[in-house]
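Colleague: Per my numbering, the very first residue in the sequence shown carries number 15; after that it's consecutive. Don't be surprised by glycine CBs; every beta carbon is placed ideally from N, CA and C. Let me give you the structure first, and then I'll get to my questions.
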Amino acid sequence: MSADQPTPSREEIYAHVRSTLIELFEIEAAEIHPEARLYEDLDIDSIDAVDLVVELKKFTGRRIDANDFKSVRTLNDVVTAVEQLTQRQA
């Protein structure tokens with residue numbers, strides 16, 4: 015996010031991540047919910063996770079450190095990590 019863009023809301027982040035999962039990974043919309051586990055429920059592998067981080071970097075306009083996503087397990091965790099990233103000072 016550039017300095018002149020407002021910080022996205024949690025709902026906007028969730029919507030973006032959800033649409034990314036549908037478009038990039040062809041996951042059925044019905045399978046995507048906040049508690050969905052990335053690896054077990056959505057079948058996201060490590061290569062997919064890298065692709066997701068690249069997309070989130072484009073969305074946020076911020077460098078994403080792998081440590082920011084080390085403890086991410088669910089879709090809700092992804093949204094929280096992105097939310098925290100966008101709230102940091104650039």
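Apart from the five residues on each side of it in sequence, which residues of its chain come closer than 6 Å, Cβ to Cβ, to I58?
Modeller: Contacts found: L52.
Colleague: Please give me, in chain order, every unbroken run of the beta strand (DSSP E) with length at least 3 that falls completely inside the stretch 30-67.
Modeller: Listed in chain order, nothing qualifies, since the stretch 30-67 has no complete beta strand (DSSP E) run of 3 or more residues.
Colleague: Strictly by DSSP, which residues pair up with T88?
Modeller: Its beta-bridge partners are R51.
Colleague: DSSP three-state call for R77: helix, strand or coil?
Modeller: Coil.
Colleague: To the nearest angstrom, how far is it from the Cα of D82 to the Cα of A95?
Modeller: Near 6 Å, if we compare the C-alpha coordinates of A95 and D82.
Colleague: Report whether the distance from the Cβ of D55 to the nearest heavy atom of the ligand GDP is below 7 Å.
Modeller: Absence of the ligand GDP is noted for the structure shown, with no ligands found whatsoever.
Colleague: Where does T21 fall in DSSP's three states?
Modeller: Coil, per DSSP.
Colleague: Taking all protein chains shown into account, decide if V31 is buried (16 or more other Cβ within 10 angstroms of its Cβ) or exposed.
Modeller: Classification of V31: buried, given that the 10 Å Cβ count is 16 or more.
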